[in-house]
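Visitor: Structure below; questions to follow.
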Amino acid sequence: MKKLFILFSFWLCIATLGAQNTERELYSVAFYNLENLFDTIHDAGKNDYEFLPDGSYHWTAKKYEAKLQNLSRVLGALSKELVPEGPAFIGVAEVENRNVLVDLVKQPAISKYEFVHYEGPDKRGIDCALLYDPDQFRVTASKLVLSTPFEGDTVHLTRGFLIVDGELGGERVCVIVNHWPSRGAKAPVRVHAARQVKALKDSLMRQDKKLKLIVMGDMNDDPMDESMKELGARKYIKEVKKGEFYNPWWETLEDKGVGTLLYRGKWNLFDQIVISKPLLKAKRGLRYDHNEVFIRDYLIQQDGKYKGSPLRTHGGRTWLNGYSDHLPTILYLKKRN
């Protein structure tokens, strides 16, 4: 009888653990600018000459392999303290081509991830992509929408807007991955990018008014800048109207002083993840829980000229064997049954 009781208790424990796994509550999604993830081979028609073995960065196979290992360390650690499975998907920027993504997801720390990528029009050859865990996020459709030039300017084209539709936690979730024009372009160029994303949002939400839509990327603007206001990304949940977004990073930067990149001693927060109203008000299913800038000591320069900044790959032309000049951002979603 005692043996039967022990056996029953064992199977009850297993059944309870199984129920806990099937009733998972917390999910995460993330974004990371990988800062010049180039291979060592020239891509025809692209200005990638700096990142060749005989280029100004002397970009060798050894440095490329180190970069892949460093990035995979970060990507493999995102949200693990709270979500052991890691992010369901991770938007990334500044990837040169499909080949570097193939090499990246071969790294043991992130080998479970697959990716969505389209070759874009950027003259340097850098694109956006989406890494995703097929056990968490099932991709149903994807496309790259090219940017229209601002007032005929073809110099500061964005890298295109990557739209990926899929199923997360048993419901439809759509994400748009962005990398808007750099600060080398004037503010109206990024406002123009925001208007294009807003038009894409309007089109998607006309088809599905309850769409749980996530817009993420390196916007090259802070949450309070005109481009993000034009997108309709609001600081407070109570301000978000129908068809608008909630931008939790506004409070992160303005009220907490936390950013994702440091320029001349000042933190900026260009790497944002904003969410549509259905992810705020859902009584059932996925709903916004909280956000995080992923900051760890190993990601920060500890000494020298760039002390306190994200530990990047190069300082000037000097190889620092770092990670990126940006920090990753994470958004947590809780599933309500």
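Read in order, the letters of the sequence shown correspond to residues 7 to 343 in my numbering. Cβ coordinates follow ideal geometry from the N, Cα and C atoms, glycine included.
Using only alpha-carbon positions, find the residue among Lys118, Phe167, Pro140, Thr66 that is nearest to lysine 149.
Guide: The shortest Cα separation from lysine 149 among Lys118, Phe167, Pro140, Thr66 belongs to Phe167.
Visitor: Can you list, in chain order, the residues of its chain with a C-beta nearer than 8 Å to that of isoleucine 306? Leave out the 5 residues immediately preceding and following it.
Guide: Answer for isoleucine 306: Gly314, Ser315, Pro316, Leu317, listed in chain order.
Visitor: List the endpoints of the continuous beta strand (DSSP E) containing leucine 285.
Guide: Here leucine 285 belongs to no beta strand (DSSP E); instead the alpha helix (DSSP H) covers 284-287.
Visitor: For the beta strand (DSSP E) that contains threonine 146, what are its first and last residues?
Guide: It spans 143-151 - the beta strand (DSSP E) in which threonine 146 sits, taken as one unbroken run.
Visitor: I believe cysteine 180 touches leucine 210 by the beta-carbon criterion, under 8 Å. Please report the beta-carbon distance rounded to the nearest angstrom.
Guide: Yes, they are in contact, since the Cβ atoms of cysteine 180 and leucine 210 sit about 6 Å apart, within 8 Å.
Visitor: Write down every uninterrupted run of the alpha helix (DSSP H) in the region 91-126 whose length is 4 residues or greater and which is fully enclosed by it, in chain order.
Guide: Here the runs fully enclosed are 104-110.
Visitor: By the DSSP assignment, the alpha helix (DSSP H) with glutamate 232 in it spans what residues?
Guide: Its alpha helix (DSSP H) spans residues 232-237.
Visitor: Straight-line CA distance for valine 221 to isoleucine 182?
Guide: The straight-line gap from Cα to Cα measures roughly 5 Å.
Visitor: Rounded to the nearest angstrom, what separates aspartate 139 and alanine 94 at their Cα positions?
Guide: Those two C-alpha atoms are separated by around 5 Å.
Visitor: Can you give me the C-alpha to C-alpha distance between glutamine 26 and tyrosine 63, rounded to a whole angstrom?
Guide: Reliability fails at glutamine 26, whose pLDDT of 39 lies under 50, so the model's placement of it is uncertain and the value that follows must be treated cautiously. Each residue's alpha carbon lies about 50 Å from the other.
Visitor: Tell me the residue span of the alpha helix (DSSP H) that contains tryptophan 256.
Guide: Counting along the chain, the alpha helix (DSSP H) containing tryptophan 256 begins and ends at 255-260.
Visitor: Does the beta-carbon distance from methionine 225 to asparagine 253 come in below 8 Å?
Guide: No, Cβ-Cβ distance for methionine 225 and asparagine 253 is not below 8 Å.
Visitor: Considering only the alpha carbon of each residue, which of Gly190, Thr160, Gly223 lies closest to alanine 428?
Guide: No answer is possible for residue 428: the residues shown for the chain start at 7 and end at 343.
Visitor: With DSSP run on the structure shown, which of helix, strand or coil describes isoleucine 12?
Guide: In this prediction, isoleucine 12 scores a pLDDT of 38, lower than 50, which makes its location untrustworthy; no coordinate-derived value is stated.
Visitor: In terms of alpha-carbon separation, which member of Asn39, Leu58, Leu40, Glu41 lies closest to histidine 48?
Guide: Selected option, being the one with the closest Cα: Leu58.
Visitor: Run the CB neighbour count on serine 117, radius 10 Å, all protein chains shown included, and call it buried at 16 or more, exposed below.
Guide: Exposed, because fewer than 16 other Cβ atoms sit within 10 Å of the Cβ of serine 117.
Visitor: In chain order, which beta strand (DSSP E) runs of at least 3 residues are fully inside the region 262-311?
Guide: If we require 3 residues or more, the beta strand (DSSP E) runs fully inside the region 262-311 come out as 267-269, 272-274, 277-282, 291-299.
Visitor: So what does DSSP say about serine 188, is it helix, strand or coil?
Guide: It is coil, neither helix nor strand.
Visitor: Is it buried or exposed, serine 188, if we count other Cβ atoms within 10 angstroms and call 16 or more buried?
Guide: Serine 188 comes out exposed.
Visitor: May I have the straight-line CA-CA distance separating aspartate 128 from glutamate 298, to the nearest angstrom?
Guide: Roughly 30 Å between the two C-alpha positions.
Visitor: How many Å lie between isoleucine 279 and glutamine 202 at the Cα?
Guide: Computed Cα separation, rounded: 17 Å.
Visitor: Under DSSP, the alpha helix (DSSP H) around glycine 82 begins and ends at which residues?
Guide: Run containing glycine 82: 67-83, per the alpha helix (DSSP H) assignment.
Visitor: Grouping DSSP H, G and I as helix and E and B as strand, with all else coil, what is arginine 212?
Guide: Three-state DSSP puts arginine 212 in a helix.
Visitor: Looking at C-alpha atoms only, which residue of Tyr312, Gly82, Ile301, Leu206 is the closest neighbour of glutamine 113?
Guide: It is Gly82.
Visitor: Between glutamate 260 and tryptophan 325, what straight-line distance do the alpha-carbon atoms span, to the nearest angstrom?
Guide: If I take the Cα positions, the gap works out to 33 Å.
Visitor: Is there contact between the region 168-178 and the region 227-245, where contact requires at least three CB pairs shorter than 8 Å?
Guide: No, because fewer than three Cβ pairs between the region 168-178 and the region 227-245 fall closer than 8 Å, the two stretches do not touch.
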